[in-house]
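S.K.: Numbering (UniProt numbering), first residue to last: 1 to 153. C-beta: ideal position from N, C-alpha, C; glycine also. The structure is given below, and queries will be raised subsequently.
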């Protein structure tokens, strides 16, 4: 969607450029996700708090466009798509997705590690009991050898 508004001042030009970036899904100063509002346009233009409200003509132009944009966005979300088809993921969203995937893998590997440690401890315990049993049997064998004496024919 193209912004068809003629700016009359530098600040208004900043608002128009910020509005266009937000509609394109490529903001520089705010998140790309979420509903479009006058406040987001103001923050994207890096103007002071509520500075956008000084430009009544711009607000009159922007409000119907914002409502249409948000309505289309809501329709897409209700259909079940998580993103708009023409919108691209921002770098932050990509990094968040990678972080979530890495955290899921860490959790999976942590469980596998804990299971392996528990199995190793069980094997060590069984190994030590078997070694002790071998030692006992060797002691019994030595005792029996000392008791046994050869009888001469």
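May I have the straight-line CA-CA distance separating residue 138 from residue 107, to the nearest angstrom?
M.R.: Here residue 138 refers to the residue found at position 138 of the chain shown. Here residue 107 refers to the residue found at position 107 of the chain shown. Straight-line Cα distance between these residues: approximately 47 Å.
S.K.: Touching or not, the stretch 35-48 and the stretch 66-73, by the rule of three or more beta carbon pairs under 8 Å?
M.R.: yes
S.K.: Indicate the three-state DSSP secondary structure (helix, strand or coil) for residue 86 in the structure shown.
M.R.: Counted from its first residue, the chain shown places residue 86 at position 86. Any reading at residue 86 must be qualified, since the residue scores a pLDDT of 49, below 50, and its modelled position is unreliable; the value itself is stated next. Coil, per DSSP.
S.K.: In this structure, how does DSSP classify residue 71 when only helix, strand and coil are distinguished?
M.R.: Along the chain shown, read from residue 1 onward, the residue named residue 71 stands at position 71. The answer is helix: DSSP assigns residue 71 an H, G or I state.
S.K.: For the structure I just gave you, are there three or more beta carbon pairs, one from the stretch 40-49 and one from the stretch 9-18, closer than 8 Å?
M.R.: yes
S.K.: Taking the alpha helix (DSSP H) that residue 9 belongs to, which residues open and close that run?
M.R.: By one-based count along the chain shown, residue 9 stands at place 9. That residue, residue 9, is in no alpha helix (DSSP H); it is neither H nor E in DSSP.
S.K.: Rounding to the nearest angstrom, what Cα-Cα distance links residue 54 and residue 104 in this structure?
M.R.: Here residue 54 refers to the residue found at position 54 of the chain shown. Here residue 104 refers to the residue found at position 104 of the chain shown. The alpha-carbon atoms of residue 54 and residue 104 are separated by roughly 48 Å.
S.K.: Report the rounded CA-to-CA distance for residue 2 versus residue 20, giving the unit in angstroms.
M.R.: Within the chain shown, the letter at position 2 stands for residue 2. Within the chain shown, the letter at position 20 stands for residue 20. When only Cα atoms are considered, residue 2 and residue 20 end up about 7 Å apart.
S.K.: What residue range does the alpha helix (DSSP H) around residue 49 cover?
M.R.: Working through the chain shown from its first residue, we reach residue 49 at position 49. Unbroken run through residue 49: none, as it is neither H nor E.
S.K.: Report yes if the C-beta distance between residue 61 and residue 5 is below 7 Å; otherwise report no.
M.R.: The residue labelled residue 61 in the question sits at position 61 within the chain shown. The residue labelled residue 5 in the question sits at position 5 within the chain shown. A contact, by the Cβ cut-off of 7 Å.
S.K.: Does the Cβ-Cβ distance between residue 18 and residue 41 come in under 7 Å?
M.R.: For the purposes of this step, residue 18 is taken as the residue at position 18 of the chain shown. For the purposes of this step, residue 41 is taken as the residue at position 41 of the chain shown. Closer than 7 Å, so yes.
S.K.: For residue 151 and residue 134, I'd like the C-alpha separation in whole angstroms.
M.R.: One-based indexing of the chain shown puts residue 151 at position 151. One-based indexing of the chain shown puts residue 134 at position 134. Roughly 29 Å between the two C-alpha positions.
S.K.: Find the nearest neighbour of residue 49 within the set 112, 39, 29, 100, judged by alpha-carbon distance.
M.R.: Position 49 of the chain shown, counted from the start, is the residue given in the question as residue 49. Residue 49 has its Cα closest to that of 39, out of 112, 39, 29, 100.
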